[in-house]
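Working notes, beginning with the structure itself.
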Amino acid sequence: MILELEKRLQGSGLSELLRDNIMAKSKNYEYLSHAADIKFRAYGKTMARAFDNAAYALTDVMTDHTKVKALKTKKIVVESEDEKALLYDFLEQFLILADSEGFLLHKVNSLEISGEKKKRKLTLTAEVVGDNKMDKYPVETHIKAITYEDMLVDEEKDGFILQVIIDI
Amino acid sequence: MVEIKKIRKNSYKIEKTGKMNVPVIIYASQKLLEKMKLDSSLEQAQNMASLPGVLKQVIVLPDAHEGYGACIGGVAAHDLKEGVISPGEIGFDVNCGIRLLRTNLKKGDIYPKVKELLDEISRCVPAGVGRSNISISQKELDKVLEEGAWWAVRNGYGTKEDLEFCEENGKMKSADSSLVSTDAKKRGHNQLGTLGSGNHFLEIQYVDKIFDEETAKAFGLEEGQVTVIIHCGSRGLGHQVCSDYLREMEKAFPEIVAKLPDRDLIYAPASHYLSKRYFAAMSAAANFAWCNRHVIGHQTRNAFLSIFKEAKLETVYDLAHNICKLEEHKIDGEMRKVYMHRKGATRSFGPGNEEIPKKYKKVGQPILLPGSMGTASYVLVGTNESEDISFSSTAHGAGRAMSRHEALRRYNAEDLRKELEAKKIYIKSASKRGIAEEAPGAYKDIEQVVGVSDDLGIGKKVARLRPIGVVKG
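Here the protein sequences line up with chains A and B, keeping their order.
Take the first sequence: its letter number 145 is residue 143 in the working numbering, and every next letter is one higher.
Just add 938 to the spot in the second sequence (first one is 1) and you have the working numbering.
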């Protein structure tokens, strides 16, 4: 799909800068350079879809999530005081699942965010599927922690951008 | 750009301005300082200097680079009443540290069997995301958190003699396992006796140069002798402890969060119960790390014994370079108790200090500075001069200079392996990516870092260690 878009854009007569911009947004997530650790951006039409993509970006640092088998279903519920904290707490769940149960994500089946910013209470409920036999997969990196460094949860005209740096 | 004044050779100062409560002192060569200016480490040091109750000065060490909240290679002392405790000034990997073992073997003994030995060590010491060979119950894990390395000795891992040569004798008495969350315990449960990944490693080396004969003798080191360095910390357990309390502090103090330049620098006032709880939980995580390195030391000993029947491995020293301690320091001519935060910084107590093992009391505490993969590591010794200069602290290693991303782009794991093998340095790694990310070129020059420490007298050169084989996490 992405390749197709690239071709269409090339024939569109738009400037290179604009084309790059559109391309970046058409990707679900991408990695950026960072001194000691790993930085990624995740995109989505809604905040919930951007959160899905952040979970994939995080998992891909460990192993290719598309190759993980869909054998175990997990429920994730986190409650946080603001959007950044929600992103932090949500992603951290995957580190806890990986270390304690050897669980790797394959797919986010559903993910909903509810609550009110003003009341400082946001709730995320998700159902994810993956495999808890981590040893079966080539796992490259152990992630130590999620950080707030340079974290972004931004709403733009055509969707949400999340940016996270993880400590490895 | 803020003004950085040169005070003397290898010493620079950022005067107290704006929100800062104390000045920042940077110990670096001109070249290392230029590197620091390229990332946000100096900005982070100024943020550290702006926290309440920070005393005298914030110290930036020669290997400093940007971290989360506070820079890595940063030291800050906080008053017990007016000050704070900040998990970000300690680091996610609580009690990340170094253990140095000396052996009765010579480098000539090792070379013919180096690959065999590395295989055996990899078998005994799980690395990367490898799970622990040791299965313990939740109840036993609580004991690990309370007893640290003593738990290991009680259960047949490592010796009593090793305990004497660990900072804090391998156990912080301030630990309370009940203040460590279930999530943290779940994360650490399968990780006792494992190296982890990232920059963690186990290296077989030999002593290739002695700079200070008398001190080297006290540390039991001589030229040509084989040594082993173990670099790792508290694994997922410690990271979760840091994260849990960072989040708890955020929730408890929204007014502090609102004013912070960086959320990772969240803190709790030192007199608040959350500070006391965090300190006790952090101590428990630190104990997990000491126990972890004790177990790895034991596994390494077994690996050596299975190949060299007469091998004898003894602990030279085991130290923490990510930790907060209750210490007494001279501030404005007065001895004061402080919460001493060292993040990517090594304690460097000089001769006579009560905290040093008896055997080293005359010379000072050993300081262990690992170089990057394939380059030299150093053993230094603590000094009494370091008290005035740097709150008895010095650097913790080479310090990164290039992003992992950039290192992956520039280096190829196979080429690096060949290049190092040509220098008779052998690598065993859980992942190829790990080799490229930790390429020697991605780090600062250890010689420069050590040079600054030695020149200032905050940690004096004793011995240089050259690598023979590396097991990478």
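C-beta: ideal position from N, C-alpha, C; glycine also.
Predicted model, so just to flag it, every value in this text is computed and none were measured.
Cβ pair B/I1010, B/G1282 closer than 8 Å: The beta carbons of B/I1010 and B/G1282 sit closer together than 8 Å.
Report the three-state DSSP secondary structure of B/K975 (helix, strand or coil). Note: B/K975 maps to helix in three-state DSSP.
In the DSSP assignment, what residue or residues form a beta bridge with B/S1367? The partner list for B/S1367 (beta bridge, DSSP) reads B/K1410.
Please check if any C-beta of chain B sits within less than 8 Å of the C-beta of A/E77. False, the Cβ-Cβ gap to chain B never drops below 8 Å.
Runs of alpha helix (DSSP H) lying entirely within the segment 999 to 1064 of chain B, each at least 4 residues, in chain order: List check, alpha helix (DSSP H) in window: 1045 to 1048, 1052 to 1062.
List the whole-angstrom C-beta distance separating B/V1013 from B/S1331, where the pair is believed to meet the contact cut-off of C-beta under 8 Å. Contact between B/V1013 and B/S1331 holds, since their C-beta atoms are separated by about 5 Å, short of 8 Å.
Coil, strand or helix - B/T1120 by DSSP: B/T1120 falls in the helix class under three-state DSSP.
At a cut of 8 Å, does the segment 1050 to 1058 of chain B reach the segment 1369 to 1379 of chain B through at least three beta carbon pairs? Proximity of the segment 1050 to 1058 of chain B to the segment 1369 to 1379 of chain B falls short of the contact definition, fewer than three beta-carbon pairs being nearer than 8 Å.
I need the DSSP call for B/V1276, collapsed to helix, strand or coil. Under the three-state reduction of DSSP output, B/V1276 falls in the strand class.
Going along the chain, which residues of its own chain have a beta-carbon closer than 8 Å to the beta-carbon of B/K1250, five neighbours each way excluded? Cβ within range, chain order: T1041, N1042.
Exposed or buried, which one is A/D133 when buried takes at least 16 other CB atoms within 10 Å? Burial call: exposed.
Do the segment 88 to 104 of chain A and the segment 1168 to 1183 of chain B make contact, defined as three or more Cβ pairs closer than 8 Å? With a cut-off of 8 Å, the segment 1168 to 1183 of chain B and the segment 88 to 104 of chain A count as touching, because enough Cβ pairs lie within range.
Using CA coordinates, which residue listed in B/K1370, B/Q1237, B/A1090, B/P1405 is at the minimum distance from B/Y1349? Among B/K1370, B/Q1237, B/A1090, B/P1405, the Cα nearest to that of B/Y1349 is on B/K1370.
Euclidean distance between Cα positions of B/Y1364 and B/M1110: Cα to Cα, B/Y1364 sits roughly 36 Å from B/M1110.
Keeping to the same chain, check which residues put their C-beta closer than 6 Å to that of B/D1392; ignore five residues upstream and five downstream. Excluding residues within five positions, the ones whose Cβ falls inside 6 Å are K1398, K1399.
Please say whether B/H1232 and B/I1036 have beta carbons closer to each other than 8 Å? No.
Identify the residues that DSSP records as bridge partners of B/T1165: which are they? DSSP lists B/R1040, B/Q1143 as partners of B/T1165.
Using a Cβ-Cβ distance under 8 Å, would A/L1 count as near chain B? Because the pLDDT of A/L1 is 43, which lies under 50, any placement of that residue in the model is unreliable, and the number read from its coordinates should be weighed accordingly. Put simply, the CB of A/L1 is far from chain B, with every gap to its CB atoms at 8 Å or more.
B/G1108, DSSP secondary structure in three states: Secondary structure at B/G1108: helix, using DSSP grouped into helix, strand and coil.
What in chain D is Cβ-close to B/V1301, meaning under 7 Å? Annotation note: the requested chain D is absent from the structure, which comprises protein chains A and B.
What does the Cβ neighbour count give for B/D1121, buried or exposed, with the cut at 16 atoms within 10 Å? That one is buried.
Classify A/Y29 as helix, strand or coil using the three-state DSSP reduction. Under the three-state reduction of DSSP, A/Y29 is assigned to strand.
With H, G and I counted as helix, E and B as strand and the rest as coil, what does DSSP make of A/I0? Interpretation of A/I0 is limited by its pLDDT of 44, a score under 50 that renders its predicted location unreliable; the figure taken from the coordinates is listed afterwards. The answer is helix: DSSP assigns A/I0 an H, G or I state.
Output yes or no for whether 8 Å exceeds the beta carbon distance between B/K1261 and B/T1284. In the sequence under discussion, the amino acid at residue 1261 of chain B is Ile, which differs from the Lys named in the question. In this structure, the beta-carbon distance from B/I1261 to B/T1284 does not fall below 8 Å.
Does B/M1273 pass the burial test, meaning 16 or more other C-beta atoms within 10 Å, or should it be called exposed? By the neighbour-count criterion, in which a residue is buried when 16 or more other Cβ atoms sit within 10 angstroms of its Cβ, B/M1273 is exposed.
The alpha helix (DSSP H) enclosing A/F38, as first and last residue numbers: Where A/F38 is concerned, there is no enclosing alpha helix (DSSP H), although the beta strand (DSSP E) it sits in stretches over 36 to 42.
Cβ distance (whole Å) where B/A1015 is taken to contact B/K1044 below 8 Å: No, B/A1015 and B/K1044 are not in contact; Cβ-Cβ is about 43 Å, not under 8 Å.
If you follow the beta strand (DSSP E) that B/G1389 is in, where does it begin and where does it stop? Segment 1384 to 1394 is the alpha helix (DSSP H) holding B/G1389; no beta strand (DSSP E) there.
Less than 8 Å between the C-beta atoms of B/A1002 and B/M958, yes or no? Cβ atoms of B/A1002 and B/M958: not closer than 8 Å.
What is the rounded straight-line gap between the Cα of B/Y950 and the Cα of B/T1253? Put simply, the backbone Cα of B/Y950 is about 36 Å away from that of B/T1253.
Which residue wins for smallest C-alpha separation from B/G1271, given the options B/D1256, B/Y1095, B/E1325, B/I1294? That would be B/E1325, whose Cα lies nearest to the Cα of B/G1271.
8 Å Cβ cutoff, B/R1342 in contact with chain A: True, the Cβ-Cβ gap to chain A drops below 8 Å.
At what residues does the alpha helix (DSSP H) containing B/P910 begin and finish? The displayed coordinates of chain B run from 939 to 1411. Any statement about residue 910 of chain B would go beyond what the structure contains.
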